[in-house]
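Notes follow once the structure below has been shown.
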Amino acid sequence: MRVLLIEAFYGGSHKQLMDLLQEELQEDCVLCTLPAKKWHWRARTAALYFMQTVPINPNYRILFASSVLNLAELTALRPDLGKLKKVLYFHENQLVYPVQKFQERDFQYGYNQILSCLVADVVVFNSAFNMESFLTSIGKFMKLIPDHRPKDLEEIIRPKCQVLYFPVRFPDVSRFMPEHKLAHFEKVIGVKRNGIAYQTVGLASQQKCRALMKTSSTARKSGLCEVQPRLHTTQHEGLPSPLIAVARLNKSEASESTNPCQEEDKQHLTFNLSNILSGWDYQQRPLHIVWPHRWEHDKGPETFFEVLLKLKEKDLPFHVSVLGEAFSEIPDIFSEAKKALGSSVLHWGYLPRKDEYFQALCMADVVISTAKHEFFGVAITSPWWVVIIFPCTKAVPS
Numbered sequence: 313m314r315v316l317l318i319e320a321f322y323g324g325s326h327k328q329l330m331d332l333l334q335e336e337l338q339e340d341c342v343l344c345t346l347p348a349k350k351w352h353w354r355a356r357t358a359a360l361y362f363m364q365t366v367p368i369n370p371n372y373r374i375l376f377a378s379s380v381l382n383l384a385e386l387t388a389l390r391p392d393l394g395k396l397k398k399v400l401y402f403h404e405n406q407l408v409y410p411v412q413k414f415q416e417r418d419f420q421y422g423y424n425q426i427l428s429c430l431v432a433d434v435v436v437f438n439s440a441f442n443m444e445s446f447l448t449s450i451g452k453f454m455k456l457i458p459d460h461r462p463k464d465l466e467e468i469i470r471p472k473c474q475v476l477y478f479p480v481r482f483p484d485v486s487r488f489m490p491e492h493k494l495a496h497f498e499k500v501i502g503v504k505r506n507g508i509a510y511q512t513v514g515l516a517s518q519q520k521c522r523a524l525m526k527t528s529s530t531a532r533k534s535g536l537c538e539v540q541p542r543l544h545t546t547q548h549e550g551l552p553s554p555l556i557a558v559a560r561l562n563k564s565e566a567s568e569s570t571n572p573c574q575e576e577d578k579q580h581l582t583f584n585l586s587n588i589l590s591g592w593d594y595q596q597r598p599l600h601i602v603w604p605h606r607w608e609h610d611k612g613p614e615t616f617f618e619v620l621l622k623l624k625e626k627d628l629p630f631h632v633s634v635l636g637e638a639f640s641e642i643p644d645i646f647s648e649a650k651k652a653l654g655s656s657v658l659h660w661g662y663l664p665r666k667d668e669y670f671q672a673l674c675m676a677d678v679v680i681s682t683a684k685h686e687f688f689g690v691a692i693t694s695p696w697w698v699v700i701i702f703p704c705t706k707a708v709p710s
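Here's what the structure looks like:
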């Protein structure tokens with residue numbers, strides 16, 4: 313086991329990335345995680361937890377972690393890990409992450425990420441905007457220190473940084489697609505198969521992966537270099553034919569983590585939109601709108617529900633499915649909107665199984681993001697459905 317994967321917030325896109333890396337590396341890695349709960353405490357204390365729980369192994373060569381972890385603290389507490397090639401991955405950054413009020417921004421979280429960058433050997437961001445917004449905010453952020461401020465941190469960190477888009481596998485979901493979408497997609501694929509669009513997808517990401525793992529001799533010996541070329545920005549598992557409904561999905565969809573720190577299993581929700589909508593002609597039924605995001609303020613739920621309630625006031629017909637994961641603190645707008653929307657609601661709540669989630673997206677007419685801050689929207693990254701993004705303050709393209 314030469315690659316050590318550490319994830320202090322093992323859920324959502326963080327989990328998706330680590331699971332994919334673990335699947336690709338197979339026997340050559342070990343994964344250590346904490347459940348995706350109370351990220352504030354994970355950012356504060358995860359290093360101390362992993363100091364005690366990460367097994368000592370003289371064969372480790374690479375440490376790969378997300379920026380939730382305070383890498384500086386961990387490597388100080390575990391000098392053996394400090395000797396490894398340390399790769400830090402930024403899903404988001406705390407220097408520009410939206411808060412409900414400016415005074416609520418805790419200096420410690422951004423400071424932790426800056427310290428982690430200083431001790432990392434390679435710092436990877438999932439988009440150019442993520443990288444630049446972090447690096448160019450360091451100077452202003454450090455001015456919050458009342459005196460004796462450190463200098464030139466951006467210049468020290470920038471040479472280590474690069475963009476590596478989030479690796480996404482697109483499974484064949486044709487068995488979930490309604491007939492009118494299958495017919496349309498057949499036409500689209502018929503055109504694109506004659507071109508080179510799908511042949512070049514992910515090439516830049518592949519080259520960056522190779523370069524990332526060739527920056528030290530220890531990386532070349534680790535085995536990670538041979539695996540990385542398969543981690544494309546958009547990795548298609550064969551272009552599906554709408555004439556043949558393939559029942560194959562990722563093997564990882566049905567698998568459950570055996571990590572002892574994993575969250576307890578969530579209650580399964582039965583979901584079959586095909587049955588719900590079976591009596592409707594697609595040209596006559598109401599527009600089906602899907603919102604598939606975390607139930608938190610940075611995803612802009614107020615903007616989304618404000619629009620839906622205006623449609624409701626005007627007696628315009630629509631259906632809505634509100635997906636995404638909820639945590640201990642749920643904005644009040646969700647319970648208020650569910651009651652106000654009434655019979656317009658088709659589904660309300662998290663879908664733990666990927667096939668149900670894919671079905672919800674495939675049966676949607678539009679999938680909407682109202683996020684105030686989105687570096688790489690994994691929840692809606694797919695060529696299968698339409699995405700509409702409402703203009704919000706600080707909303708940015710991935």
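Numbering (my numbering), first residue to last: 313 to 710.
Ideal placement from N, C-alpha and C gives every residue a C-beta, glycine not left out.
Using a 10 Å radius around the Cβ and a threshold of 16 neighbouring Cβ atoms, would you call Pro305 buried or exposed? Lying before the first or after the last residue shown, residue 305 is absent from the chain, which here runs from 313 to 710.
Return yes when at least one heavy atom of the ligand FMN lies under 8 Å from the C-beta of Ser379, else no. The ligand content of the structure shown is nil, which means the ligand FMN is not present either.
Confirm, please, whether the CB-CB distance from His631 to Pro598 is below 9 Å. If you check the CB distance, Pro598 and His631 come in under 9 Å.
Residues near Trp351 by beta carbon distance below 7 Å, same chain, minus five either side: Excluding positions up to five away in sequence, the list reads Phe321, Val380.
The segment 638-651 touching the segment 664-673, judged by at least three CB pairs closer than 8 Å: Segments in contact, no.
Where Cys341 and Ile374 are concerned, what is the direct C-alpha to C-alpha distance, given to the nearest angstrom? Going by the C-alpha atoms only, they are around 9 Å apart.
Specify whether the segment 383-401 and the segment 429-444 touch according to this definition: at least 3 beta carbon pairs, one from each stretch, less than 8 Å apart. Yes, since at least three Cβ pairs between the segment 383-401 and the segment 429-444 fall closer than 8 Å, the two stretches touch.
Could you pull out every residue in the same chain whose Cβ sits closer than 6 Å to the Cβ of Gly323, ignoring the five residues on either side in sequence? Excluding positions up to five away in sequence, the list reads Ala348.
Please confirm if the segment 647-665 is in contact with the segment 609-625, defined as three or more CB-CB distances below 8 Å between the two stretches. They touch, by the three-pair rule.
Could you tell me if Gly507 is buried or exposed, where buried requires 16 or more neighbouring beta carbons within 10 angstroms of its beta carbon? Confidence at Gly507 is low in this model, with a pLDDT of 37, below 50, so the placement of that residue should be treated as unreliable; the coordinate-derived value is given next. Answer is exposed; the Cβ neighbour count stays below 16.
The alpha helix (DSSP H) spanning Ser622 covers which residue range? Position check: residue 622 holds Lys in this sequence, whereas Ser was assumed. Counting along the chain, the alpha helix (DSSP H) containing Lys622 begins and ends at 613-625.
Compute the Euclidean distance between the alpha carbons of Leu333 and Ala359, then round it to the nearest angstrom. Each residue's Cα considered, the two are about 21 Å apart.
Considering Arg481, what are the terminal residues of the beta strand (DSSP E) in which it resides? For Arg481, the uninterrupted beta strand (DSSP E) segment begins and ends at 480-482.
Assuming Thr496 contacts Asp610 (C-beta within less than 8 Å), just tell me the rounded distance between them. For clarity, residue 496 is His in the given sequence; the question names Thr instead. Not quite, the Cβ-Cβ distance comes to about 33 Å (not below 8 Å), so this is no contact.
Between the alpha carbons of Ser439 and Leu430, how many angstroms are there, rounded? Taking the straight line joining both Cα atoms gives about 20 Å.
Span of the alpha helix (DSSP H), counted from its first residue to its last, around Ala355: It spans 351-365 - the alpha helix (DSSP H) in which Ala355 sits, taken as one unbroken run.
Out of curiosity, what's the CA-to-CA distance linking Glu491 and Glu618? Approximately 32 Å, taken between the alpha carbons.
From this set, Leu343, His326, Leu329, which residue's C-alpha is nearest Arg314's C-alpha? When Leu343, His326, Leu329 are compared, the shortest CA-CA separation from Arg314 is found for Leu343.
Output the boundary residues of the alpha helix (DSSP H) element that contains Glu466. Glu466 -> alpha helix (DSSP H) spans 465-469.
Are the CB atoms of His600 and Ala676 within a distance shorter than 9 Å? Annotated as proximal: Ala676 and His600, with beta-carbon spacing under 9 Å.
In three-state DSSP terms, what is Val431? Under the three-state reduction of DSSP, Val431 is assigned to helix.
By Cβ distance, which residues of its chain are closer than 8 Å to Leu465, with the 5 residues on each side in sequence left out? Within the same chain, Cβ atoms closer than 8 Å to the Cβ of Leu465 are found at Ile426, Leu430, Ile450, Gly451, Met454, the five residues on either side in sequence being excluded.
For Glu319, does the count of other Cβ atoms within 10 angstroms reach 16, so buried, or fall short, so exposed? When all chains shown are included, Glu319 counts as buried.
What number of angstroms, rounded off, separates the C-alpha of Asn382 from the C-alpha of Ile457? Using only the alpha carbons, I get a separation of about 19 Å.
Alpha carbon to alpha carbon, what distance is there between Gln596 and Glu575? At Glu575, the pLDDT of 35 sits below 50, so the modelled position is not reliable and the matter cannot be decided from this model.
Sequence-distant residues of the same chain with beta carbon closer than 6 Å to Glu637, five excluded per side: The residues are Arg606, Tyr662.
What's the gap between the Cα of Leu317 and the Cα of Tyr361? The alpha-carbon atoms of Leu317 and Tyr361 are separated by roughly 15 Å.
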